[in-house]
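Student:
There are 2 protein chains.
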Amino acid sequence: MARENKSKYAIMAMLSMGPMSGYDIKKLLEERVTHFWNESYGQIYPILKLLQQEGLAEKTVERQEGKPDRNVFELSAEGLEALRQWQRLPVAKEKRRIEIVLKLVFGSKVAHEDLILQIERFRDMEQEMLVFYTCISEGFDLEFAADPDAPFKRMALNFGLHETRAHLAWSDETLKMLRNMEPSKGQQG
Amino acid sequence: MARENKSKYAIMAMLSMGPMSGYDIKKLLEERVTHFWNESYGQIYPILKLLQQEGLAEKTVERQEGKPDRNVFELSAEGLEALRQWQRLPVAKEKRRIEIVLKLVFGSKVAHEDLILQIERFRDMEQEMLVFYTCISEGFDLEFAADPDAPFKRMALNFGLHETRAHLAWSDETLKMLRNMEPSKGQQG
DNA sequence: ACAATAGTGTATCAGTTAGATATAAGGCAA
DNA sequence: TTGCCTTATATCTAACTGATACACTATTGT
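Those protein sequence lines, which keep their order, are chains A and B. Counting with numbering that gives the first Met the number 0, you get residues 0 to 188 for the letters of the first sequence. Counting with numbering that gives the first Met the number 0, you get residues 0 to 188 for the letters of the second sequence.
1) For a contact defined as C-beta to C-beta under 7 angstroms, what are the partners of Ile99/B on chain A?
2) Arg69/B lies in the alpha helix (DSSP H); which residues open and close that run?
3) Say whether chain A places a C-beta atom closer than 8 angstroms to the C-beta of Asp23/B.
4) Can you say whether Tyr40/A is buried or exposed, counting buried as having 16 or more other CB atoms within 10 angstroms of its CB?
5) Please work out which residues of its chain come closer than 6 angstroms, Cβ to Cβ, to Leu141/B, disregarding the five sequence neighbours upstream and downstream, and give them in chain order.
6) Where does Ala76/B land, buried or exposed, given buried means 16+ other C-beta within 10 angstroms?
7) Quick one: does Gly106/B have its CB under 8 angstroms from some CB of chain A?
8) Mind listing the chain B neighbours of Phe121/A? Cutoff is C-beta to C-beta under 9 angstroms, in chain order.
9) With a threshold of 8 angstroms between beta carbons, is Met19/B in contact with chain A?
10) Counting only beta-carbon separations shorter than 8 angstroms, does Lys7/B have a partner in chain A?
11) By how many angstroms is the C-alpha of Lys26/A removed from the C-alpha of Glu64/A?
12) So with CB distances below 8 angstroms, who are the chain A contacts of Ser15/B?
13) Using a C-beta to C-beta distance shorter than 9 angstroms, which residues of chain A count as neighbours of Glu172/B?
14) Which residues mark the beginning and the end of the alpha helix (DSSP H) in which Glu98/B is found?
15) Looking only at C-alpha atoms, which of Leu156/B, Trp85/B, Ala110/B and Tyr22/B sits nearest to Pro67/B?
16) By alpha-carbon positions, which one of Gln42/A, Phe72/A, Arg62/A and Arg178/A ends up nearest to Ala56/A?
17) If we define contact as Cβ-Cβ less than 8 angstroms, is Asn4/B a contact residue for chain A?
18) Kindly list, in the order they appear in chain A, the residues whose Cβ is closer than 7 angstroms to that of Lys117/B.
19) Quick one: which residues of the segment 65 to 83 of chain A get their C-beta closer than 9 angstroms to a C-beta of chain B? List them in chain order.
20) Mind checking which residues open and close the beta strand (DSSP E) that includes Val90/B?
21) Quick one, which of Ala12/B, Lys7/B, Asn4/B and Glu3/B has its alpha-carbon nearest Gly106/A's?
22) Determine the DSSP secondary structure at Val60/A, reduced to helix, strand or coil.
23) In angstroms with no decimal places, state the Cα-to-Cα distance between Cys134/A and Gly78/B.
24) Within a Cβ cutoff of 8 angstroms, which residues of the same chain sit near Gln187/A, ignoring the five residues on either side of it in sequence?
25) Answer with buried or exposed for Gln84/A, where buried requires no fewer than 16 other C-beta atoms within 10 angstroms of its C-beta.
26) Between the segment 22 to 51 of chain A and chain B, which residues of the former have a C-beta closer than 7 angstroms to a C-beta of the latter?
27) Would you call the segment 123 to 134 of chain A in contact with the segment 117 to 132 of chain B, where contact means no fewer than 3 C-beta pairs closer than 8 angstroms?
28) On the three-state DSSP scale, how would you describe Met154/B?
29) Could you tell me which residues DSSP pairs with Met19/B in its beta bridges?
30) Under 9 angstroms between beta-carbons, which chain B residues line up against Arg178/A? List them in chain order, please.
31) Helix, strand or coil for Pro147/A per DSSP?
32) Select from Val32/A, Leu174/A, Leu49/A and Glu61/A the residue whose C-alpha is nearest the C-alpha of Gln117/A.
33) Given Ile43/A, which residues of its chain have a CB within under 7 angstroms of its CB, disregarding the five upstream and five downstream residues?
34) Would you mind sorting Val104/B into buried or exposed? The rule is 16 or more other CB atoms within 10 Å of its CB.
What follows is the structure, given as structure tokens:
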């Protein structure tokens, strides 16, 4: 079976929000979407070229003074249709690499206090994420009042909120478990 | 800065549980660990060779009758020490590609009922996961009574349980939101 | 009896993805 | 005036996935 190339559809999804350059796509991803999707330049530029060749997007060169020209891409009618087709395909279970859990599963081989430190760092990062999401959430209705995508952006945000709260609850539970274990059992050997 | 090669440490982590072959590693990952870590043969076999060359693991050939020989690898003292060093390194925020959310963010461009169908499928998969985790959880104390890694396996399991419950709550919430939206607003155009 | 399917085991390939860097010009700050 | 940030396009290598090849055994179906 043909391989998927999810990057292609991710980039088309970005273009569905409006015409933009490779640079715009990267910036938008980093600023707003990083927590559930990311793409590298190594994917973005070749794929934009490909989309153009396949007639799924159209390129316009915007000249600028003092700055490099912008290659702006706009999703074509065929592009939007292809995106819609892809939208209907069933989603497979996400494959993940959760490093914090991997570092935990050989916990009997490493120093107890190192494990606790790792979980504490994880919890702190998730706490920051919660603050971040909560800030966006509070300003949401004002910022996106006129945006037809607002309800869908809200759903994406909620995904982050639910997961982050789950991670925080897990961190607290796990720290409690680690602190209740006799340290001797967790020592190197 | 040098790239990470997380696969290398993941494979060492597997070997920390006991000597095993590439085939064993793959099977163990698929049966027990898939939901938070995975490796392909394309990584496993070359890395096992590399670990041997670097003195981090030792290879023993086990002859078998009627079956292919097994190349069994055992983590060396240096290997365990390298693994411990890696364990102490801080974990970066996980990079993810959550396809279901990507398919939702251009929701205003696609048919409403397709979105609902996607979320329902997602919810059903997570429901299955919850049943799976719950089964393991219930038989846990009996199965791993003598295992010194039991508490750490329990923590990994809890991670899955927390996330899965969060996903289910989000699915229900999102379905409710989608069903409350006027279908006309979600139509193609 | 014979075919199809599944298991054990090692190994590699092509396509996909991540992360870093090259290039080049302008602005801005120490 | 050196150094860093921003805008913008582009490419390269290393890492990684998913599929497949090979070879032999074991089980199940008809």
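Glycine included, each C-beta is placed from N, C-alpha and C at the ideal position.
Tutor: To lay it out plainly:
1) For the purposes of this step, residue 99/B is identified with residue 100 of the second sequence, where counting begins at 1. Contact of Ile99/B with chain A by beta-carbon distance below 7 angstroms involves Val90.
2) Within the second sequence, residue 69/B is the residue found at index 70, counting from 1. No alpha helix (DSSP H) contains Arg69/B, which is instead part of the beta strand (DSSP E) from Arg69 to Leu74.
3) Position 24 of the second sequence, counted from the first residue, corresponds to residue 23/B. Chain A contact via Cβ: absent.
4) As a working note, residue 40/A is residue 41 in the first sequence. With fewer than 16 Cβ atoms within 10 Å of its Cβ, Tyr40/A is classed as exposed.
5) Mapped onto the second sequence, residue 141/B falls at position 142. So the list is empty, once near-sequence residues are dropped.
6) Stepping through the second sequence from its first residue, residue 76/B is reached at position 77. The residue is exposed, with fewer than 16 neighbouring Cβ atoms inside 10 Å.
7) Walking along the second sequence from the start, residue 106/B turns up at place 107. With 8 angstroms as the cut-off, Gly106/B counts as an interface residue toward chain A.
8) On the first sequence, position 122 is the one that residue 121/A refers to. What Phe121/A touches in chain B: Val90.
9) Position 20 of the second sequence, counted from the first residue, corresponds to residue 19/B. Answer no: the Cβ-Cβ gap between Met19/B and chain A never drops below 8 angstroms.
10) Indexing the second sequence from 1 puts residue 7/B at position 8. At a cut-off of 8 angstroms between beta-carbon atoms, Lys7/B makes no contact with chain A.
11) In the first sequence, the residue the question calls residue 64/A occupies position 65. In the first sequence, the residue the question calls residue 26/A occupies position 27. So the alpha carbons of these two residues sit roughly 21 angstroms apart.
12) Taking the first residue of the second sequence as 1, we reach residue 15/B at position 16. Residues of chain A passing the Cβ test: Phe105 and Lys108.
13) Here the question's residue 172/B lines up with position 173 in the second sequence. Correct list: Met154, Asn157 and His161.
14) Locating residue 98/B in the second sequence gives position 99, where the first residue counts as 1. For Glu98/B, the enclosing alpha helix (DSSP H) has its first and last residue at Glu98 to Val104.
15) One-based indexing of the second sequence puts residue 67/B at position 68. The residue with the shortest Cα to Cα distance from Pro67/B is Tyr22/B.
16) Position 57 of the first sequence, counted from the start, is the residue given in the question as residue 56/A. Looking at the Cα atoms, Phe72/A is the closest of the given residues.
17) As a first step, residue 4/B must be located in the second sequence, where it is residue number 5. No, Asn4/B lies away from the interface with chain A (no Cβ there is under 8 angstroms from its Cβ).
18) Translated into the one-based positions of the second sequence, residue 117/B becomes position 118. Note that residue 117/B is Gln in the sequence shown here, rather than Lys. Val90, listed in chain order.
19) Leu79, Leu82 and Arg83
20) Reading the second sequence from its first residue, position 91 is the one you call residue 90/B. Run containing Val90/B: none; DSSP gives neither H nor E here.
21) Within the first sequence, the letter at position 107 stands for residue 106/A. When each option's Cα is compared against that of Gly106/A, the closest is Ala12/B.
22) The residue labelled residue 60/A in the question sits at position 61 within the first sequence. If DSSP states are grouped into helix, strand and coil, Val60/A belongs with the strands.
23) Here residue 134/A refers to the residue found at position 135 when the first sequence is read from its first residue. Here residue 78/B refers to the residue found at position 79 when the second sequence is read from its first residue. Computed Cα separation, rounded: 44 angstroms.
24) For the purposes of this step, residue 187/A is taken as the residue at position 188 of the first sequence. Note on Gln187/A: pLDDT 45, under 50, position unreliable in the model; the coordinate value appears next. These residues qualify, in order along the chain: Lys108, Val109 and Ala110.
25) Position 85 of the first sequence, counted from the first residue, corresponds to residue 84/A. With fewer than 16 Cβ atoms within 10 Å of its Cβ, Gln84/A is classed as exposed.
26) Phe35, Trp36 and Asn37
27) Verdict: no, contact absent.
28) As a working mapping, residue 154/B is identified with position 155 in the second sequence. Looking at Met154/B - three-state DSSP - the assignment turns out to be helix.
29) Along the second sequence, read from residue 1 onward, the residue named residue 19/B stands at position 20. Answer is Phe72/B, bridged to Met19/B.
30) For the purposes of this step, residue 178/A is taken as the residue at position 179 of the first sequence. What Arg178/A touches in chain B: nothing, since even the nearest Cβ is about 12 angstroms away.
31) As a position in the first sequence, residue 147/A is number 148, starting the count at 1. If DSSP states are grouped into helix, strand and coil, Pro147/A belongs with coil.
32) For this step, residue 117/A is matched to residue 118 along the first sequence. Minimum Cα distance to Gln117/A is reached at Leu174/A.
33) By 1-based counting over the first sequence, the position of residue 43/A is 44. These residues qualify, in order along the chain: Ile10, Gly21, Ile24 and Lys25.
34) On the second sequence, residue 104/B is found 105 positions in, with the first residue counted as 1. Classification for Val104/B: buried.
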